[in-house]
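Visitor: My structure is below; once you've seen it, I'll send some questions.
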Amino acid sequence: MRLLVGILTALALAGAAWPGGKEAFIDYYATASSLISSLNNAAADVERLNLQSGDFSDDVAGDIKSRLVKAREGFNSILTYDDHTNELNEGYVLYIDKMLLALMVAKEYREKGEPEKRDRLVKITAEAGGLRTELNDKVQRDKKKWGLD
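If you're matching positions, the sequence shown starts at 212 in our numbering and goes up one per residue.
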């Protein structure tokens, strides 16, 4: 019985050492806000690129790709302290992966013009756009909830 009480006490103290809720989000947002901003800028550049038209240069696509890769590395380096901030962080990484895939598919579509490539591109960009909107909305709600707005 003593052992069980000792273990439960140790677990409770260990849990108290990890920030959760407000502290975890503030920590996360302090680190991720500049990454989120640069990611949203890259997303706007991708939208202006109009991937479905195929009317974009490899240089511009390469620049956006390198910015996305840098943002991905940044998100991967963030330590998260609770499930919510971890979910946000993993969501942004997934969004970046989808956009990198969209850039590759757009290039293939531009080169080969296959209708199935276009359909795949439309699906990927729609999923990615919805995911980014959802993540940004969650961050805005959390900022408001925790008084950061």
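Cβ atoms here follow ideal geometry from the backbone N, Cα and C, with glycine treated the same way. What you are looking at is a predicted structure, and each value in this text was computed from that prediction instead of being measured.
Grab me the residues of H295's own chain with a C-beta within less than 6 Å of its C-beta, minus the 5 sequence neighbours each way, in chain order.
Guide: Cβ within range, chain order: n/a, list empty.
Visitor: Which residue spans inside the segment 281 to 349 form an unbroken alpha helix (DSSP H) run of at least 4?
Guide: DSSP runs (the alpha helix (DSSP H)) wholly in the segment 281 to 349: 294 to 323.
Visitor: Do the segment 320 to 328 and the segment 342 to 355 meet, that is, are 3 or more Cβ pairs less than 8 Å apart?
Guide: The answer is no - the segment 342 to 355 does not touch the segment 320 to 328, with fewer than three Cβ pairs under 8 Å.
Visitor: Identify which residue in V271, A243 and Q263 has its Cα closest to the Cα of A253.
Guide: For A253, the nearest C-alpha among the options comes from V271.
Visitor: Around the C-beta of T336, are 16 or more other C-beta atoms found within 10 angstroms, so that it is buried, or is it exposed?
Guide: Label assigned to T336: buried.
Visitor: Would you check if the segment 257 to 266 and the segment 233 to 248 touch, i.e. whether three or more CB-CB distances between them fall below 8 Å?
Guide: As far as the Cβ criterion goes, the segment 233 to 248 does not touch the segment 257 to 266, which means the pair count is below three.
Visitor: What separation, rounded to the nearest whole angstrom, lies between the Cα atoms of L250 and L279?
Guide: Spanning the two alpha carbons is a distance of roughly 7 Å.
Visitor: Let me know if N300 comes out buried or exposed under the rule of 16 or more other beta-carbons within 10 Å of its beta-carbon.
Guide: Counting Cβ neighbours within 10 Å, N300 comes out buried, since at least 16 surround it.
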